[in-house]
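As structure tokens, the structure follows; a few thoughts come after it.
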Amino acid sequence: MKDLINKIKTDGIALNEDVLKVDSFLNHQIDPVLMKNIGDEFAKHFKDLNITKVFTIESSGIAPALMTSLKLNIPLVVLKKQLPNTLIDGYYSVPVKSFTKNSIYNLTLSKKYISKDDNILIIDDFLAYGEATLGVINIIKEAHANIAGIGIVIEKSFQPGRKKLDSLGYNVYSLARIASMSKNKINFIKEE
Ligand code: G4P
């Protein structure tokens, strides 16, 4: 997606070979026009799949996922990283290891917000090791719902997440695919 790639080129900062700083438009300060365009693009790409809900993980996935759900006119469900103390009904919970942040959290979802009839689009800001997305997938499978597709804002294609999801046969659409990075240099996979 051209305007996202241009934004990464102008405002993104490759801190090293692994980590891209995008806090001026994606995960600290947020560019609402860019988020709207991202939501429109995901909605256009997945519009014919009869999606019933968009799922994301707090917190940085919320902005692009909300814009996508708004355009598709369906609810957004935000999976939590900590068990909310208001969650007194039944819930699903799976542990997720973050390699980037070197931490483990329990991804949690109330059973009220998923049913076996749901056809779900997962949206997330980054695809790195794929563990967060696989955690969402495991919860959806436990609820016997269907995964229609996965939309990623920034894919670091040199890390294993994309290969893992492809090998499992999921329908993945990434708006910006980074082939490699070095300090202050970002190389993209060419858009077809
Ligand atoms: P995964 O999501 O593919 O499993 O990979 P990993 O566990 O390694 O990364 C998870 C967290 O690290 C996510 O944030 C993700 O947004 C963030 N992350 C991964 N790579 C980058 C990067 O290059 N730059 C930045 N800025 N963030 C990256 P999170 O823990 O879910 O936090 P939140 O910001 O969504 O609250």
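In the working numbering, each number is its position in the sequence shown, counted from 1, plus 1. No residue lacks a Cβ here, since even glycine has one placed at the ideal position from N, Cα and C.
Taking C-alpha positions only, residue 30 is separated from residue 139 by approximately 31 angstroms. Taking 7 angstroms as the cut-off, the C-beta of residue 100 counts as close to a heavy atom of the ligand G4P.
Per the coordinates, the alpha-carbon of residue 12 lies some 42 angstroms from the alpha-carbon of residue 89. With a threshold of 16 other beta carbon atoms within 10 Å, residue 76 falls short and is exposed. Residue 124 places its beta carbon less than 8 angstroms from that of residue 152.
Residue 51 and residue 73 have their C-alpha atoms roughly 10 angstroms apart.
For the pair residue 126 and residue 61, the CB atoms are nearer than the 8 angstroms cut-off. Annotation: residue 14 to residue 22 spans about 5 angstroms, alpha carbon to alpha carbon. Residue 26 and residue 144 have their C-alpha atoms roughly 34 angstroms apart.
For residue 111, the CB contacts under 7 angstroms within the same chain, skipping 5 residues up- and downstream, are 88, 90, 92 in chain order. For residue 17, the closest of 167, 157, 171 by C-alpha to C-alpha distance is 157.
Here DSSP, grouped into helix, strand and coil, assigns residue 70 to helix. Using a Cβ distance threshold of 8 angstroms, residue 154 and residue 65 count as a contacting pair.
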